[in-house]
Amino acid sequence: MKIKILVLAMFIFSSCGNEGGSVLNNENSPQAVARKFIKSLDKKNVEEAKKYCTLKTAQYLDFLIKMGAKTSTPHQVDDFELRDSIVGKVAYVFYKKPATEAQRDPLRLISENGTWKVDFVTPN
Numbered sequence: 001m002k003i004k005i006l007v008l009a010m011f012i013f014s015s016c017g018n019e020g021g022s023v024l025n026n027e028n029s030p031q032a033v034a035r036k037f038i039k040s041l042d043k044k045n046v047e048e049a050k051k052y053c054t055l056k057t058a059q060y061l062d063f064l065i066k067m068g069a070k071t072s073t074p075h076q077v078d079d080f081e082l083r084d085s086i087v088g089k090v091a092y093v094f095y096k097k098p099a100t101e102a103q104r105d106p107l108r109l110i111s112e113n114g115t116w117k118v119d120f121v122t123p124n
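Under the working numbering, the first residue of the sequence shown is numbered 1, with each subsequent residue one higher.
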């Protein structure tokens, strides 16, 4: 039964497209934006990471750096998944770091003018 549901879900996601292709393969998909954001931070490239987040989140990143926060060391995040799909203009992408294999960390994204942006400042 689980396999049938998985196959059905894969079929639905692959057939649900937009101008740039399917939601899962689009360069502007929540997963792609989350991946670019995290990879940029892992490379300690905050300016690049700010391209993938909301203005408030970018300002918050600047504040954290001014307060002495350091970007983390690279942790090779390669496992991203979209859980509970996209609800309106909000998506949650869960990613897993090798050090916390049992735990997935959420990253909230919102759609601004058709572009997905990381947003961890705005209240739900």
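Ideal placement from N, C-alpha and C gives every residue a C-beta, glycine not left out.
Sequence-distant residues of the same chain with beta carbon closer than 8 Å to K66, five excluded per side: none
Roughly how many whole angstroms lie between the Cα atoms of T122 and K56? 8 Å
May I ask which residues mark the beginning and end of the alpha helix (DSSP H) holding E48? 46–50
K96 to D62 span [Cα, whole Å]: 25 Å
Could you tell me whether any non-hydrogen atom of the ligand ADP is closer than 7 Å to the CB of D42? No copy of the ligand ADP occurs in the structure displayed, which carries no ligand at all.
Just to confirm, are L107 and V118 a CB contact at a threshold of 8 Å? yes
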